[in-house]
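Each remark here refers to the structure printed beneath this line.
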Amino acid sequence: KIYDLILMDIALPEMNGIEARRLIKSKPEYKEIPVIALTAFAMGGDKERFLSEGFDDYISKPLDISNFIKKVERYCS
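Counting from 274, one number per residue, gives the positions in the sequence shown under our numbering.
Structural data, given as structure tokens:
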């Protein structure tokens with residue numbers, strides 16, 4: 274495995290994180306790597322939207338450090 278986990282910000286300068294996740298997942302060597310949306314988009318329905326776009330999980334900003342560590346450990350153990 275190349276990476277255990279990808280943390281993807283949604284608000285990127287060249288393309289958004291949804292498009293970047295699609296591009297990454299289109300490559301066979303990255304298909305099985307979980308991608309977590311890491312974003313300041315934290316309004317009602319945002320989590321569900323990112324999960325429906327194919328993200329494996331969602332973490333909102335500002336970070337709750339203990340929640341962040343738990344999620345990263347879950348995917349990297």
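For every residue, glycine included, the Cβ atom is placed at its ideal position computed from N, Cα and C. All values derive from a computational prediction rather than experimental measurement.
With 16 other Cβ atoms within 10 Å as the buried cut-off, status of residue i
i: Y276; result: exposed
i: I309; result: buried
i: R347; result: exposed
i: I342; result: exposed
i: F311; result: The sequence shown places Leu at residue 311, not Phe. It counts as buried.
i: K300; result: exposed
DSSP beta-bridge partners of residue i
i: M281; result: A310
Cβ-heavy atom distance, residue i to the ligand COA, below 8 Å
i: E321; result: With respect to the ligand COA, the structure shown offers nothing to examine, as it has no ligands at all.
Three-state secondary structure assigned by DSSP to residue i
i: S333; result: strand
i: F323; result: helix
Top-ranked residue by Cα proximity to residue i, from the options
i: A315; options: P286, S339, S333; result: S333
i: E302; options: D337, V345, L278, I338; result: L278
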